[in-house]
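Heads up, the thing below is written out as structure tokens.
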Amino acid sequence: MNYNSNFKNIAESYLFAEVADRTAKYSQAHPDKKILKLGIGDVTLPLAPAVIKALHEAVDEMAVKESFKGYGPYEGYGFLREGIKDYYKSFGVEVGADEIFVSDGAKSDLGNILDIFAKENTILVPDPVYPVYVDTNVMAGRKIVYANANEANGFLPMPDYNVDADVIYICSPNNPTGAAYTVEQLKQWVEYAHEKGAVILYDAAYESFITEAGLARSIYEVEGAKDCAIEFCSFSKIAGFTGTRCGYTVIPHALKKDGMSANKLWFRRQATKFNGVPYIIQKGAAAVFTTEGMAQIKANLAVYQRNAAVIASCMDELGIWYTGGKNSPYIWLKCPSGMGSWEFFDFLLNNAQVVGTPGAGFGKNGEGFFRLTAFGSEETTKEATERIKKVIK
Ligand code: PLP
């Protein structure tokens with residue numbers, strides 16, 4: 028027996044452990060100081076009342092013989108897939124319910140989708156980015172090339188035709204940079220994918236934070252994207268499902284090569300390795316798309332959006348360069364006075380007792396940058412920005 032030696036090539040995932048360790052050490056040494064955390068990428072507001080009601084009703088259904096449910100469809104119940112289809116329609120995108128696959132979250136699908144692609148594919152990943160894309164491909168032993176995101180391109184890299192790629196990851200609005208592509212910019216990525224015969228894996232986990240016109244909610248807003256893109260999305264950020272777990276992936280029927288359909292391959296993969304999302308959870312997720320549910324989740328999103336605006340205006344006041352904040356819960360800022368990511372982490376912790384996430388943990392281009400998140404409470408966010416202003420001015 029041999030283990031998968033590719034695991035030796037995965038970078039040690041020390042980012043959040045190191046953040047927690049440094050924070051705990053500071054806290055032990057200064058028990059009187061109140062630490063404010065703007066580092067987490069997790070939501071903090073509870074599920075919407077409409078979702079809770081639907082969950083309770085579904086639990087009661089499971090208690091009665093006539094409405095009890097056993098194994099569900101691998102691809103999700105029709106009621107939820109129809110709800111997702113209508114949600115897409117609400118921002119002008121037509122997808123078929125039979126092109127939508129429900130799952131326990133975008134992270135699982137982003138990792139599992141690699142089962143349908145050949146091992147020899149070259150992977151193009153932006154740097155910095157959500158670490159799951161890199162780690163899942165390293166585990167599988169694939170070749171990875173990087174698209175450099177930096178201050179010059181506003182952390183929105185555009186295609187380089189000198190680079191050959193088969194599978195292209197795009198995350199917009201981006202974690203960690205908060206930067207979001209316009210439909211026009213995505214058009215260039217779709218053209219590049221067509222030229223290279225590549226597929227785009229488009230992570231739209233933060234689409235619900237988009238408020239500005241012209242920015243893409245979905246890659247399918249670009250004409251011609253259906254034959255070259257798979258889209259991943261999640262109930263985690265739109266509706267606070269990080270602990271409840273539900274997401275979905277869209278694979279258009281048009282996505283085909285050599286007589287093989289990506290939609291059919293994914294169905295086959297899921298039917299083999301996945302037994303579906305609990306009925307109860309899918310009922311809760313479907314409630315997000317009711318009029319009542321949508322109004323409630325929008326009120327929650329507005330809290331995070333206001334927090335993001337508070338952090339962004341703090342950066343404006345301090346003259347600090349940043350991306351995100353407007354169409355994203357993340358503010359990605361350039362560390363002041365040329366500080367490195369960890370240097371700035373220690374500076375903020377020691378002087379303002381504010382915790383964020385060092386950009387270096389998201390890729391080499393993240394060095395010198397820092398991520399603050401809007402998922403805290405309004406009080407914490409306001410107090411943290413006041414403290415930041417005092418120590419940086
Ligand atoms: N994609 C991105 C870019 C994320 O930041 C996250 C979570 O932080 C996910 C996907 C995972 O979403 P889920 O909770 O649906 O697994």
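Heads up: the sequence shown at position 278 corresponds to 305 in this note's numbering, and the numbers run straight through without jumps.
Glycine residues also receive a C-beta, built at the ideal position from the N, C-alpha and C atoms.
Model, not experiment: these values are computed from the prediction.
What are the boundary residues of the beta strand (DSSP E) that includes residue i?
| i | result |
| --- | --- |
| TYR115 | Per DSSP, TYR115 belongs to no beta strand (DSSP E); it is in the alpha helix (DSSP H), 105-117. |
| ALA256 | 256-261 |
| GLY25 | The question about residue 25 has no answer here: the residues shown for the chain are numbered 28 through 420. |
| ILE307 | Here ILE307 belongs to no beta strand (DSSP E); instead the alpha helix (DSSP H) covers 306-313. |
Between which two residues does the alpha helix (DSSP H) harbouring residue i extend?
| i | result |
| --- | --- |
| ASP162 | 159-166 |
| ILE79 | 76-89 |
| THR71 | Taken as a continuous stretch (DSSP letters only), THR71 belongs to no alpha helix (DSSP H), as it is neither H nor E. |
| GLU299 | It is worth fixing the name first, because residue 299 is Thr in this sequence and not Glu. Segment 289-300, the alpha helix (DSSP H) holding THR299. |
| LEU213 | 210-223 |
| ILE246 | Looking at the DSSP string, ILE246 is not in any alpha helix (DSSP H), and its letter there is neither H nor E. |
Please state the DSSP three-state secondary structure of residue i.
| i | result |
| --- | --- |
| ASP142 | helix |
| ASN175 | strand |
| PRO100 | coil |
| LYS64 | strand |
| PHE402 | coil |
| ASP48 | helix |
| LYS391 | helix |
| TYR233 | coil |
| LEU421 | Any question about residue 421 goes unanswered here, given that the chain covers just 28 to 420. |
| PHE95 | coil |
| ILE197 | strand |
| LYS417 | helix |
| ASP125 | helix |
| ASP154 | strand |
| THR271 | coil |
| PHE43 | helix |
| THR412 | helix |
| PHE182 | coil |
| THR407 | helix |
Does chain B have any CB closer than 9 Å to the CB of residue i?
| i | result |
| --- | --- |
| LYS391 | Going by chain labels, chain B is absent from the structure shown, which holds only one protein chain. |
Exercise for the section: For the segment 250-261 and the segment 53-63, state whether three or more C-beta atom pairs, one from each stretch, are separated by less than 8 Å. Expected result: no
Handout entry: Any alpha helix (DSSP H) of 4 or more consecutive residues that is wholly inside the segment 316-386
Key = 318-345 and 368-379
Exercise for the section: List in chain order the residues whose CB is within less than 6 Å of at least one heavy atom of the ligand PLP. Expected result: GLY68, GLY132, ALA133, LYS134, TYR157, CYS198, ASN202, ASP230, ALA232, SER261, SER263, THR269 and GLY274
Practice task
Determine, using beta-carbon pairs with one atom in the segment 386-394 and one in the segment 152-170, whether at least three such pairs fall under 8 Å.
Solution key: yes
Practice task
Determine contact between the segment 300-312 and the segment 130-141, defined as no fewer than three beta-carbon pairs at a distance below 8 Å.
Solution key: yes
Practice task
Assess, as a yes-or-no matter, whether the segment 28-42 is touched by the segment 344-356 under the definition of 3 or more beta carbon pairs within less than 8 Å.
Solution key: no
Handout entry: At least 3 beta-carbon pairs within less than 8 Å: the segment 238-245 vs the segment 63-80
Key = no
Practice task
Flag this pair as touching only if the segment 255-266 and the segment 306-317 have three or more C-beta atom pairs under 8 Å; answer yes or no.
Solution key: yes
Problem - Validate contact between the segment 322-341 and the segment 395-411 using beta carbons, cut 8 Å, 3 pairs - result: yes
Exercise for the section: Mind the definition here: the segment 60-69 touches the segment 34-41 only if three or more C-beta pairs lie below 8 Å; say whether that holds. Expected result: no
Problem - Sufficient close CB pairs (3 or more, under 8 Å) joining the segment 213-230 to the segment 190-205 - result: yes
Handout entry: Stretch pair the segment 184-192 + the segment 201-216: three plus CB contacts closer than 8 Å
Key = yes
Handout entry: Contact between the segment 340-353 and the segment 201-210 (3+ Cβ pairs under 8 Å)
Key = yes
Practice task
Would you be able to state if there are at least three C-beta pairs under 8 Å between the segment 107-119 and the segment 283-291?
Solution key: no
Problem - Three CB pairs or more closer than 8 Å across the segment 38-52 and the segment 268-278 - result: no
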